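All remarks here apply to the structure that follows.
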């Protein structure tokens, strides 16, 4: 029996948040899918707004590595509702990308955000005491006024990450991308699946069943998406709470492909 295997990607998890779509879980599922002797093709079913650039990069690299090891096994990315930012990052590693005409696709950009509480603290009459070693160690501290030099530095970090994202998408999509004709392609904007075809972000319209039936020529789809047992879910929630606590302590969420 020849199978068309499927993995669902519903998020690009942050390291430590324990989501089922974390990079490590997806990499294990990908390995099993490619190694199955009945596998004819692999479909990545993506419904994701993005997330950690590191996690997205790990999955992207693994898809490319497995494609090189198994050149006869095609990889198809199918975007359902949303394939944005980190979700699209992963999709671009596939041989072809499919989407619905109303899917939302793109958002090739990087964001990092926090709040500033300087004036609020002054109004409340609260003094912030912070002790650090290193001139810029606390440059992300929300209770300190913005420093133009540090802001410029942080914008440089975001730009570097954005360029890494662009290079990966271009390596995956190649000449199919119509970036020269569409200067906003890497601006962070998002398009419908129908528009995305014209921009070269998507190859064709269709869902997973269409790809299996019309492209691969099989009727059976085997889902290799890793399922967590109750103990795994409990443990992951503990890890998530620790990660969230650290994020709150730092007052900053980190880089995100969104």
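Numbering (the working numbering), first residue to last: 28 to 285. The beta carbon of each residue, even a glycine, is placed where N, CA and C say it ideally should be. All values derive from a computational prediction rather than experimental measurement.
Residues near residue i in its chain [Cβ-Cβ closer than 7 Å; skip 5 each side]
i: residue 101; result: 68 and 122
i: residue 169; result: 141, 142, 143, 144 and 278
Residue range of the alpha helix (DSSP H) that includes residue i
i: residue 75; result: Run containing residue 75: none in the alpha helix (DSSP H); it sits in the beta strand (DSSP E), 66-75.
i: residue 159; result: Neither: residue 159 is in no alpha helix (DSSP H) and is coded neither H nor E.
i: residue 193; result: 175-200
i: residue 142; result: No alpha helix (DSSP H) contains residue 142, which DSSP labels as neither H nor E.
i: residue 223; result: 220-226
Distance between residue j and residue i (C-alpha atoms, nearest Å)
i: residue 248; j: residue 53; result: 17 Å
i: residue 288; j: residue 80; result: This structure cannot settle anything about residue 288, because the visible part of the chain is limited to 28 through 285.
i: residue 95; j: residue 220; result: 28 Å
Extent of the continuous beta strand (DSSP E) to which residue i belongs
i: residue 111; result: 101-111
i: residue 251; result: No beta strand (DSSP E) holds residue 251; DSSP gives it neither H nor E.
i: residue 53; result: Segment 50-62 is the alpha helix (DSSP H) holding residue 53; no beta strand (DSSP E) there.
i: residue 132; result: 131-133
i: residue 89; result: Counting along the chain, residue 89 falls outside any beta strand (DSSP E), though it belongs to the alpha helix (DSSP H) covering 80-96.
Residue j beta carbon less than 8 Å from that of residue i
i: residue 126; j: residue 232; result: yes
i: residue 134; j: residue 217; result: yes
i: residue 244; j: residue 120; result: no
i: residue 214; j: residue 136; result: yes
i: residue 87; j: residue 116; result: yes
i: residue 156; j: residue 148; result: no
Exposure of residue i, with buried meaning 16 or more beta-carbon neighbours within 10 Å
i: residue 184; result: exposed
i: residue 75; result: buried
i: residue 109; result: buried
Neighbourhood of residue i by C-beta distance below 6 Å, restricted to the same chain and skipping five residues each side
i: residue 206; result: 212
i: residue 24; result: Because the chain spans 28 through 285 in this model, residue 24 falls outside it and cannot be assessed.
Cβ-based neighbour list, residue i, same chain, cut-off 8 Å, excluding 5 preceding and 5 following
i: residue 234; result: 105, 107, 125 and 127
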